[in-house]
Amino acid sequence: MASKKPSAELLDLLNQAIAREIQVSVQYMWQHVLWKGVKGYAVKDAFRKTAIAEMKHAEAIAERLNYLGGIPTTKPTPIFLGATLQQMLETDKKDEESAITMYKKIIEVARNQGDETTESLFKQILSDEEEHYDLFTSL
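Per my numbering, the sequence shown starts with residue 7, numbered consecutively.
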């Protein structure tokens, strides 16, 4: 167990992160499944690969939260698919922007509490989210 008990704030932030990761993993996978048309071929695999990466993030965060004594949520934040490719990409870009902001806060809170493992985990996830943001911006 960690040498110092994590704050309720940190545990809550980790659960918010899990809910967000579940949301986007479902959202991106359904976008992969539902998108059709010529432009769809260029983005279908990107949606699928990103969905899988996001689910792996959810798993890693849930494992960390469980280790810290919290109970991981199973409820995603609201899922928005979009009706057009442009709507999908705009929604996904905004979701990645909010994740970047949230994960920077988690890194700061973890650092302030001396939780180097959570800080390190979220630095890696933050790097992935920045790549996802770039992907959705460039598509």
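The C-beta atom is built at its ideal place from N, Cα and C for all residues, glycine as well.
Do you know how far the Cα of residue j is from the Cα of residue i?
| i | j | result |
| --- | --- | --- |
| Arg-1 | Ile-28 | Since the first residue shown for the chain is 7 and the last is 145, residue 1 is missing from the structure and cannot be characterised. |
| His-138 | Lys-11 | 32 angstroms |
| Phe-86 | Leu-145 | 18 angstroms |
| Pro-78 | Ile-24 | 7 angstroms |
| Leu-16 | Asp-98 | 25 angstroms |
| Thr-83 | Glu-60 | 14 angstroms |
| Ala-48 | Ser-13 | 44 angstroms |
| Ala-89 | Leu-95 | 11 angstroms |
| Leu-19 | Lys-100 | 19 angstroms |
Run the CB neighbour count on residue i, radius 10 Å, all protein chains shown included, and call it buried at 16 or more, exposed below.
| i | result |
| --- | --- |
| Ser-31 | buried |
| Ala-57 | buried |
With a threshold of 7 angstroms on Cβ separation, who are the neighbours of residue i within its own chain once the five nearest residues in sequence on each side are excluded?
| i | result |
| --- | --- |
| Ala-105 | Arg-26, Glu-135 |
In this structure, does DSSP put residue i in helix, strand or coil?
| i | result |
| --- | --- |
| Leu-91 | helix |
| Asp-51 | helix |
| Ser-126 | helix |
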